[in-house]
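In terms of this note's numbering, the sequence shown opens at residue 546 and continues consecutively. For reference, the structure discussed in these notes is given below.
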Amino acid sequence: MDRKRELTSVDCAALAGELSVYEAAGVGKVYLYPERDMLRFRMRHYERGRIELLVSVGEQKWLSVVDPDHVPEAPERPPNFAMMLRNRMQGAELVAVSQFEFDRILELEFERDGETTTVVAELFGDGNVAVLDNTGEVVDCLETVRLKSRTVAPGTQYEFPDARFNPLTVDEDGFEARMRDSDSDLVRTLATQLNFGGLYGEELCTRAGVDYNVPIEEATDDQLEALYAEVSDLAARLHAGDLDPRVYYEGDEDESGNGDDSADDPTETGRRVDATPVPLREYEGLHGEPFDTFTGALDDYFTFATDEDERDEGGSDGGRDRPDFESQIETKERIIAQQEGAIEDFEADAERERENAELLYANYDLVDDILSTVQNARAEDRSWDEIADRFEEGRERGIEAAEAVRGVDGSEATVTVEIDDRAITLDAHEGVERNADLLYQEAKRIEDKKDGAEEAVAQTRRELEEIETRREEWEAQDAGEGAGAGSDGEGGDGEGDEGEEPTDWLSEPSIPVRQSEEWYERFRWFHTSDGFLVIGGRDAEDNEAIVKKYLDRGDRFFHAQAHGGPATVLKATGPSESYDESVTVPESSKREAAQFAVSYSSVWKDGKFAGDVYEVGPDQVSKTPESGEFLEKGGFAIRGDRTYYEGTEVGVAVGITCEPETRVIGGPPAAIEPRAVTSIEVEPGRYAQNDAAKRLYREFKGRFADDSFVRKVASPDRIQEFLPPGGSRMVDE
């Protein structure tokens, strides 16, 4: 049978009650293990001493107090999320543990100096941990969630999932009505409509002595009464903390199901498959080891079942256990994507606040009229309700200022106005200038949060690079242990290679990463089909550097005949090579450079599919303007005749190479497709750069057997580097 990987709603109900004995425990330090998506709270209780609380929301989703000997070694450098928790919670006391409705969500409430911090552990789906202040606003979270039904993001009010039906609090009439409303059988109705899940749905049927598969319309009142009695008994036991926890084993157990509960060696009783707060009739054929507490059972299960999994995966050849680099890398990349999403949110929020401030100034007289009306009414001791009524009367009479008012909140002393379809809440005690200043201050506060998020991204990228380096070292060592002389293609004379079949990289189960850093990777770049390097600026600063430092004799300069585009240089020589007059740049390379220049210009961003491009020599490009003219940063003056490539079609392909190096490449399709193991052509479309990159990433993952390879060399952020500004879509989409 499959092992337990996450807690059930019944488990969470049992835990919420049992963990109450640890209330008043003080927080010492908090650790985050990003590769496991696990939090560790090191606490001390005045009666129970050292307490270690683990919250895992990764592949395994669980929460429990564990034996100090079972906690993982503390990370060398605490990530920003852990530092935030330490700063906020060191010295705080655990004051309450509760389950949200009958969901797999546990809330840990801490208090320090009268301030409350709540840690919400979401033990379902992808898993998440959100940290809330005493107003319920999200201070930070491991995963940013933006769905139609709910949002979990820093700076927003935390939103729980829609409340699930709670079968532990329903009365008999409500239970019967819920059951009768189903069109399925008894066990499926208990599992889905009453939210018990499959295991406890079957358990309740077994205890009640009813057949699983009885259709609801055929179920008798006695059967439903028996089921409700078992539900009530389970609810009463959970509420009273009347637990009798078990860890169940499958394998070498006593076939009678009695087992030897005193067995010390886990291998003698088989492999652990579940931990439950009460004994289950469904598991009567398995060996069940009793525990004094449910937290003890969970600690034993998730500590040793994980070890058993690693032994199973490691095989019996005595070789060293290979760390799960792929899972660690995937976790880091997911965190980076979330952090980058948060940065984008911060940027958008800050921009919105600034725009709101500018709207106040643009509509100064209107806003001043509204605020003056409120302030004068308050000076006359008018109630807030009277003020709201006055605006309503003005709206009925068609008064512009009244029509702009969307609400008055006396408890907060605010008035909300609507300007250009945007709602702006104002402090009714202040004037226009002060309200605008408050909005600018809010924008600055949000931007400060963005700076912190950018630091977090940089830290996570460093951690990702460390994991990738460790994996490369591991793979190099493994390859060295089994490789024969010359097996990597080096050190031999090349004989015997002619008969070898080319490697089918898409089908390879494990592709080694081979990558070096090049000077031109700071810019946009590609190699033409003839092997010439082409570089282009990503912004005005890059354009400045390319013209000043990298435009040499023999090179060719290209630029779209449109404002906003990269300074594009087709290099005739390397940066340290002298010019060779015998070098001739083929026309095919020039046309590819022209296509590159137009594709990464505003032509693509404007949704157009073609534009004009010109070509000149390096001596025709100058940073010195004509008399009386001015060159902005990244601009340049062109003198002399130009060669035009009229109506050059935009075109970009993004591909992945596997030899001689493993990397993402991008540029004109004619240059990229022959070099890449696989590639995707894109065109102007509706998906923003980051969204398009994620779509390409998912497509690439589906093409390689070794999808961890794609995560390592072609993450969405790396793909995005090769996408033009503006919207894109896959050509074959």
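For every residue, glycine included, the Cβ atom is placed at its ideal position computed from N, Cα and C. Only a predicted model underlies this, so the values are computations on that prediction, with no experimental measurement involved.
Check your understanding: Can you tell me where the beta strand (DSSP E) with Pro-1229 in it begins and where it stops?
Key -> 1223-1232
Review point. DSSP on Glu-1203, reduced to helix/strand/coil?
Key: Reading off the sequence, residue 1203 comes out as Cys, not Glu. Reduced to three states, the DSSP call for Cys-1203 is coil.
Review point. Between which two residues does the beta strand (DSSP E) harbouring Leu-584 extend?
Key: 583-590
Point to revise | Where Gly-1034 falls, given that 16 or more other Cβ within 10 Å makes a residue buried | key: No answer about Gly-1034 holds up, because its pLDDT of 38 lies below 50 and its placement is not dependable.
Practice item. Might you give, ordered along the chain, the residues of its own chain that have their beta carbon closer than 7 Å to the beta carbon of Glu-656, omitting 5 neighbours on each side? Key: Ala-637, Glu-638 and Val-640
Review point. Alpha carbon to alpha carbon, how far is Gly-1037 from Gly-672?
Key: Per-residue confidence for Gly-1037 stands at a pLDDT of 38, beneath the threshold of 50, marking its modelled position as unreliable; the derived number appears in the next sentence. Those two C-alpha atoms are separated by around 51 Å.
Review point. Taking Cβ to Cβ, would you say Ile-1264 is nearer than 9 Å to Phe-1245?
Key: yes
**Study point:** Residues near Glu-898 in its chain [Cβ-Cβ closer than 8 Å; skip 5 each side]
**Key:** Leu-984, Tyr-985, Glu-987, Ala-988 and Ile-991
Exercise for review: Could you work out which residue in Glu-1062, Lys-1153, Arg-1184 and Tyr-1159 is closest to Lys-1168 when comparing CA atoms only?
Suggested key: Arg-1184
Check your understanding: Using DSSP with H/G/I as helix, E/B as strand and the rest coil, what is Pro-613?
Key -> helix
**Study point:** Inside the region 1064-1101 only - alpha helix (DSSP H) runs reaching at least 4 residues
**Key:** 1085-1090
Exercise for review: Could you pull out every residue in the same chain whose Cβ sits closer than 6 Å to the Cβ of Lys-994, ignoring the five residues on either side in sequence?
Suggested key: Phe-891
Point to revise | Host beta strand (DSSP E) of Gly-573 (start-end) | key: 571-578
Check your understanding: Tyr-793: buried (16+ other C-beta within 10 angstroms of its C-beta) or exposed?
Key -> buried
Point to revise | Nearest residue (CA-CA) to Val-759, options Met-724, Asp-1087, Ala-1021 and Ala-907 | key: Met-724
Point to revise | Gly-754 versus Arg-581: straight-line alpha-carbon distance, rounded | key: 42 Å
Check your understanding: When we look at the beta-carbon of Phe-936 and count the other beta-carbons within 10 Å, is it buried (16 or more) or exposed?
Key -> buried
Practice item. Using only alpha-carbon positions, find the residue among Arg-1220, Phe-1267, Ala-1250 and Asp-1251 that is nearest to Leu-1321. Key: It is not possible to answer for residue 1321, since the shown part of the chain is limited to 546 through 1278.
Exercise for review: Following the continuous alpha helix (DSSP H) through Tyr-793, name the residue where it begins and the one where it ends.
Suggested key: Taken as a continuous stretch (DSSP letters only), Tyr-793 belongs to no alpha helix (DSSP H), being part of the beta strand (DSSP E) at 791-795.
Practice item. Work out the CA separation of Ile-650 and Asn-632 for me, nearest whole Å. Key: 24 Å
**Study point:** Length of the line joining the Cα atoms of Thr-689 and Arg-1256
**Key:** 20 Å
Practice item. Quick one: residues in its chain with C-beta nearer than 6 Å to the C-beta of Val-912, no 5 flanking neighbours on either side, listed in chain order? Key: Leu-905 and Val-977
Check your understanding: Under the rule that 16 or more other beta-carbon atoms within 10 Å means buried, what is Gly-746, buried or exposed?
Key -> buried
Check your understanding: Can the beta-carbon of Thr-1193 be found closer than 9 Å to that of Val-1143?
Key -> yes
Practice item. Measuring alpha carbon to alpha carbon, tell me which of Thr-1118, Gly-1081, Ala-1237 and Pro-613 ends up nearest Gly-518. Key: Because the chain in this structure spans residues 546 to 1278, residue 518 falls outside the shown range and cannot be described.
**Study point:** Through-space distance from Phe-669 to Glu-604, alpha-carbon basis
**Key:** 10 Å
Review point. Can Glu-660 and Asp-678 be called in contact, C-beta distance under 9 Å?
Key: yes
Exercise for review: Would you mind stating whether Glu-563 and Thr-840 have Cβ atoms separated by less than 9 Å?
Suggested key: yes
Exercise for review: Indicate whether the contact test is met: 3 or more Cβ pairs, each with one atom in the region 609-623 and one in the region 561-580, closer than 8 Å.
Suggested key: yes
Check your understanding: Quick one: what's got a C-beta closer than 7 Å to Glu-646's C-beta in the same chain, skipping five residues either side?
Key -> Ala-708, Arg-709 and Asn-711
Review point. Given that a residue counts as buried once 16 or more other Cβ atoms are within 10 Å of its Cβ, and exposed if not, what is Gly-1196?
Key: buried
Review point. Which of helix, strand or coil does DSSP assign to Glu-798?
Key: Here the model assigns Glu-798 a pLDDT of 41, short of 50, so the residue's position is not dependable, and the following value carries that caveat. Coil.
**Study point:** Val-642 versus Cys-557: straight-line alpha-carbon distance, rounded
**Key:** 10 Å
Practice item. Confirm, please, whether the CB-CB distance from Arg-826 to Tyr-846 is below 9 Å. Key: no
**Study point:** Beta-carbon proximity list for Gly-743, same chain, < 8 Å, skipping 5 on both sides
**Key:** Val-732 and Ala-736
Check your understanding: What did DSSP end up calling Ile-932 once you bin it into helix, strand or coil?
Key -> helix
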